[in-house]
Amino acid sequence: MPDYSPTPVQKFTFGLWTVGNRGADPFGSATREHKTPAELVYLLGEVGAYGVNFHDNDLIPIDATPAEAEAIKKDFRKALSDTGLVVPMATTNLFSDPIFKDGAFTSNDPKVRAYALQKTMKAMDLGVEFGAKIYVFWGGREGTETDSSKSAVGAIQRSREAMNFLCEYALDQKYDLKFALEAKPNEPRGDIYNPTTGHMLAFIATLDHPEMVGVNPEVAHEHMAGINFMHGVAQAWEAGKLFHIDLNDQYPGRYDQDLRFGSRDVKAAFYLVKFLEDVEYEGSRHFDAHAYRTEDFCGVKDFARGCMRTYMILREKAAQFNADPEVQSILAEINAADPAMTPFFGKYSPEKAAALKAQPFDRAAISQRGLKYERLDQLTIDILTGTR
Ligand code: GLT
Ligand code: MN
Ligand code: MN
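Take a look at the structure:
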């Protein structure tokens, strides 16, 4: 039997909120008991994860006393050292407390915006204390139900001002920290600003310190928007902005399901894994998902092991695809260069433009060529289903 055990090379991580998810949903209460952060670290150690990430309040409850906070940190630190797990990423909970009902950085209330900045600075301190090098911003409440309430331009300006302030804070503290912005089109707000990774990339270019800021694309969020996740990831990577990634799965057109990685659209997951492996992506592979509400903590471990196992299986399938002679011969054929066309590409010149305008093209002959994509896709399916 092939070994699909996780290895540290893939940097498989889980948030405390993922394996700690208690199964509550808008229609029903929790089905699993509360586990402490330290207990969740031991669980992750048992299943073979590399690291653990947290929101400030996953680790320290929002109303904890300083003494309680110290005790929790001590237990958490011991669990990390016992298991060898690291904390590559941290983030702020800017969505659970009622104060954030109209957003955090984009709230209409200046007190809320100021509190959100204060909370984030303190959460950055906490993340850095545990070694985090990536700081995620997911603006789940940064949106509206009614556009009568807020200026959409003003919201982007408020977001920009907050990011610029917090970049300066990180620099001022000499933190070795990069920011990763995570988009989502809706839920929990009716609509959320900067709804896709593409919007985020455009927004980052307008910041004072764009070099410090990249993206944290999530499979489910782009699938909710009905778009091709791998394409967005590739665009972010090509721009040098793929700082982090949230892996899970999702049926389009539904509520945010955060399903086990690869459990819904295996083919999309395959192309994603193949992309990450082909480009030798070096960041964390973070599973931002949770077990079905039906599960106890044995099921939570099945869920966590399943996320990593599916990734490892698809990684092997990607290697098989890359080594398959028929696949490679079709790819070579459809990507063949045409020396006669080479002079027309590359940097513009008036001579090149004139030559290209004068060049005849036999459209009918060019279009008649079959591209073998049907065969290529079936070979992909054969590889994925283990029939090849
Ligand atoms: C929340 C959200 C995720 C974000 C987390 C980070 S919290 O679970 O649904 O997609 O990545 O804030
Ligand atoms: Mn999600
Ligand atoms: Mn996420």
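Quick note on numbering: the sequence shown equals residues 39 to 426 in this note's numbering.
All C-beta atoms in this analysis are idealised placements derived from N, C-alpha and C, irrespective of residue type, glycine included.
Query, Result
"DSSP-derived helix/strand/coil call for phenylalanine 50", "strand"
"Residue closest to glutamate 256, alpha-carbon to alpha-carbon, out of Arg323, Gly165, Tyr213, Asp120", "Arg323"
"Check your reading: residues with Cβ closer than 5 Å to ligand 5 heavy atoms", "This structure simply doesn't include ligand 5; it includes ligand 1, ligand 2 and ligand 3 instead."
"Contact test: tryptophan 176 Cβ vs ligand 3 heavy atom, cutoff 7 Å", "yes"
"N- and C-terminal bounds of the beta strand (DSSP E) containing methionine 127", "127–129"
"Chain-ordered residues, beta carbon under 5 Å from a heavy atom of ligand 3", "Glu256, Asp284, Asp326"
"Buried or exposed by the 16-neighbour rule on C-beta atoms within 10 Å, applied to asparagine 266", "exposed"
"Option in Pro126, Lys112, Met127 with minimal Cα separation from aspartate 120", "Lys112"
"Three-way DSSP call (helix, strand, coil) for lysine 305 in this model", "helix"
"Bridge partner(s) assigned by DSSP for isoleucine 172", "Met127, Lys216"
"Chain C contact for glutamine 295 (CB, 8 Å cutoff)", "The structure shown has no chain C; it contains just one protein chain."
"Inter-residue Cα distance where the pair is lysine 355 and lysine 385", "38 Å"
"Proximity of arginine 413 and isoleucine 372 at Cβ, strictly below 8 Å", "no"
"Length at least 4, wholly inside the stretch 253–286: the alpha helix (DSSP H) runs in chain order", "257–262, 267–276"
"Status (buried if at least 16 other CB within 10 Å, exposed otherwise) for glutamine 288", "buried"
"Simplified DSSP assignment, three categories, for phenylalanine 325", "strand"
"Where the alpha helix (DSSP H) containing phenylalanine 114 begins and where it ends", "104–121"
"Residues near glutamine 366 in its chain [Cβ-Cβ closer than 8 Å; skip 5 each side]", "Asn360"
"Enclosing alpha helix (DSSP H) for asparagine 232 [first to last residue]", "That residue, asparagine 232, is in no alpha helix (DSSP H); it is neither H nor E in DSSP."
"Paired residues, beta bridge with asparagine 91 - DSSP", "Gly53"
"Residue environment, histidine 72, which counts as buried when at least 16 other CB atoms sit within 10 Å", "exposed"
"The stretch 164–173 / the stretch 124–136 touching (three or more Cβ pairs under 8 Å)", "yes"
"Given valine 271 as reference, the closest of Ala218, Pro226, Phe50, Ile230 once Cα atoms are compared", "Ala218"
"Those residues which DSSP pairs with leucine 97 across a bridge", "DSSP, once it has assigned bridges, lists no residue as partnering leucine 97."
"Glutamate 220 beta carbon near ligand 1 (any heavy atom closer than 7 Å)", "yes"
"Nearest-angstrom Cα separation, counted from valine 47 out to tyrosine 349", "12 Å"
"Cβ neighbours of phenylalanine 382 in the same chain (closer than 8 Å, five flanking residues each side left out)", "Lys390, Ala393, Leu394, Gln397"
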